[in-house]
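Chemist:
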Amino acid sequence: MSDRPTLLVTRTLPAPVESRLSADYDARLNSDDTQYDGDALVARSVGADAILTCSTERFSADVIQQLPDSIRAIATYSVGHEHIDLDAARARNIIVTNTPDVLTDATADIALLCLLGAARRAKESIELMRSGKWSRWEANTLLGVHLGGKNLGILGMGRIGQAVAKRARAFDMTIHYNNRSRLDPALENGATFHENPEGLLAQSDFLSINCPSTPETRHFLDARRIELLPDGAVVVNTARGDVVVDDALIDAVVRGKISGVGLDVYEGEPNFNPRYLTLNNAFLVPHIGSATLDTRNAMGFRALDNLDAVFSDAVPADQIT
Ligand code: DGY
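Here the numbering used here = 1-based position in the sequence shown + 7.
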């Protein structure tokens, strides 16, 4: 019998991550990547000492209350942790960790992809090329929205928001932001702080959503707030889908209030509002913010560093308190 801790790994992870965790833990892998929820998740955790999960598994209060007493930690392979009920974990003395920093650049890159894709009509351009119907250059075809000299409003100026700002400055955009607290001037780097998120909206020719999903941000971008955006604004969301009221955003695109949307995340994903597919100016990608091999490996190694700390009785660097 091994004296290594038993680790339940809820999903299939990149090979280098699985190889490291299999060397250090009695690993319970999920080689066919079946998704388990609720009772099945609880059943799989029997006999485990810790769980390495993804943002796809919901650790509700009900699930956490049923976990075996042996579980010391839940390490999520994500920076977002809205899928884990922290109060319930705290009540059971279960340590929860996430993977900040390592996915900042990859996610900010996708935010710019979504911003450019929506502003420069990438979806329609790609479809035209693939249709075989592109017959000639035309001065008035596929005209998009210019980035340079425009305001980019960033809702949530944490690590990823700041990395989006850095990239957008290279496109000569002017940065405005709202955040729970104002950044130090060195981190602001000339960006204008809006204490009130609605004040931010009024200045946002482009809006990039980079805040976590919390009870306060859930459904923040609703019909009333969309009206505060300048006419023709572009909306980008690479944070969490439930920050947006989908039907309100889609209605605003249909009537031309919003000129384009670039989305990586969706409420209820992988199911998403099918009306998005009816919009020509919706540039849609399937939650690939952190999807580079380097990043996905780094996320796994970061999660394992946290678990290693737990089992050496140290405080994990990314413990969520
Ligand atoms: C994250 O890390 O939160 C990404 O969105 C993947 O879930």
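Note that the Cβ used here is the ideal one computed from N, Cα and C, for glycine as well.
Looking at the structure shown, is Gly239 part of a helix, part of a strand, or coil, going by DSSP?
Modeler: Looking at Gly239 - three-state DSSP - the assignment turns out to be coil, as it is neither helix nor strand.
Chemist: Quick check: is any heavy atom of the ligand DGY less than 8 Å from the C-beta of Val272?
Modeler: True, at least one ligand heavy atom lies under 8 Å from that Cβ.
Chemist: Tell me, please, which residues DSSP counts as bridged to Arg35.
Modeler: For Arg35, which the question treats as bridged, DSSP gives the partners Leu15.
Chemist: Grab me the residues of Met8's own chain with a C-beta within less than 8 Å of its C-beta, minus the 5 sequence neighbours each way, in chain order.
Modeler: A caution first: Met8 carries a pLDDT of 49, below 50, which makes its placement in the model too unreliable to give a value.
Chemist: Could you work out which residue in Met306, Ile257, Ala305 and Leu270 is closest to Arg282 when comparing CA atoms only?
Modeler: Selected option, being the one with the closest Cα: Ile257.
Chemist: Among Gln72, Gly87 and Ser142, which has the Cα closest to the Cα of His294?
Modeler: Nearest C-alpha to His294: Gly87.
Chemist: Let me check understanding here. Comparing Cα to Cα, which of Ser215, Asn185 and His226 lies closest to Gly206?
Modeler: Considering only alpha carbons, the answer is Asn185.
Chemist: Any heavy atom of the ligand DGY closer than 8 Å to the CB of Val86?
Modeler: Val86 Cβ: within cutoff of the ligand DGY.
Chemist: If you draw a straight line from the alpha carbon of Ala17 to that of Ser297, how long is it in whole angstroms?
Modeler: The residue asked about is misnamed: residue 17 is Thr in this sequence, not Ala. Roughly 18 Å separates the two Cα atoms.
Chemist: Under the DSSP definition of a beta bridge, which residues are partnered with Leu291?
Modeler: In DSSP, Leu291 forms a bridge with Leu270.
Chemist: Can you round the beta-carbon distance between Ala125 and Val241 to whole angstroms, since I take them to be within the 8 Å contact cut?
Modeler: So it is a contact: roughly 5 Å between Cβ atoms.
Chemist: Taking C-alpha atoms, which residue in Asp92, Ser29 and Gly156 lies nearest to Met307?
Modeler: Met is not the amino acid found at residue 307; the sequence shown has Gly there. Among Asp92, Ser29 and Gly156, the Cα nearest to that of Gly307 belongs to Ser29.
Chemist: How do the segment 29–46 and the segment 64–73 stand: do at least 3 beta-carbon pairs fall below 8 Å, yes or no?
Modeler: At 8 Å Cβ cutoff, the stretches touch.
Chemist: First and last residue of the beta strand (DSSP E) that includes Leu59?
Modeler: Leu59 -> beta strand (DSSP E) spans Ala57 to Thr60.
Chemist: Got a sec: is the Cβ-Cβ distance from Asn105 to anything in chain C below 9 Å?
Modeler: The chain inventory of the structure shown lacks chain C, comprising one protein chain alone.
Chemist: How far does the alpha helix (DSSP H) with Ser215 in it reach, from first residue to last?
Modeler: It is not in any alpha helix (DSSP H) - Ser215 instead sits in the beta strand (DSSP E) that spans Phe213 to Ile216.
Chemist: For Ser132, which residues from the same chain have a beta carbon less than 7 Å from its beta carbon, with the 5 sequence-adjacent residues on both sides left out?
Modeler: Contacts found: Leu149.
Chemist: Around the C-beta of Leu74, are 16 or more other C-beta atoms found within 10 angstroms, so that it is buried, or is it exposed?
Modeler: Looking at its Cβ environment, which holds 16 or more other Cβ atoms inside 10 Å, Leu74 is buried.
Chemist: Hey, Ala57 and Ala80 are a contact pair by Cβ (cut 8 Å); roughly how many whole angstroms apart?
Modeler: With 8 Å as the limit, Ala57 and Ala80 qualify as a contact, their Cβ atoms being about 4 Å apart.
Chemist: Using the three-state DSSP reduction, which class does Val24 fall into: helix, strand or coil?
Modeler: Val24 falls in the helix class under three-state DSSP.
Chemist: Nearest by alpha-carbon distance to Ser211: which of Glu234, Thr224 and Val24 is it?
Modeler: When each option's Cα is compared against that of Ser211, the closest is Glu234.
Chemist: State yes or no: is the C-beta of Gly296 nearer than 8 Å to some heavy atom of the ligand DGY?
Modeler: Yes, the Cβ of Gly296 comes within 8 Å of a heavy atom of the ligand DGY.
Chemist: Pick out the complete alpha helix (DSSP H) segments inside the segment 140–180, 4 residues or longer, and give them in chain order.
Modeler: Runs of the alpha helix (DSSP H) inside the segment 140–180: 166–176.
Chemist: DSSP puts Thr104 in a beta bridge; with which residues?
Modeler: For Thr104, which the question treats as bridged, DSSP gives the partners Ala82 and Gln326.
Chemist: Return yes when the C-beta of Ser266 is under 8 Å from any heavy atom of the ligand DGY, and no when it is not.
Modeler: Ser266: no, Cβ never under 8 Å from the ligand DGY.
Chemist: Do you know how far the Cα of Ala129 is from the Cα of His183?
Modeler: Straight-line Cα distance between these residues: approximately 25 Å.
Chemist: Just curious, the alpha helix (DSSP H) that Pro204 is in, first and last residue?
Modeler: Start and end: Pro204 to Ala209.
Chemist: Please indicate yes or no: does the CB of Met136 lie closer than 8 Å to some heavy atom of the ligand DGY?
Modeler: Outside the cutoff, so no.
Chemist: Given 8 Å as the limit, tell me if Met180 has its C-beta closer than that to any heavy atom belonging to the ligand DGY.
Modeler: No, Cβ of Met180 sits at least 8 Å from all heavy atoms of the ligand DGY.
Chemist: Are the Cβ atoms of Phe213 and Met164 separated by less than 9 Å?
Modeler: No, the pair does not count as a contact, with Cβ atoms beyond the cut-off.
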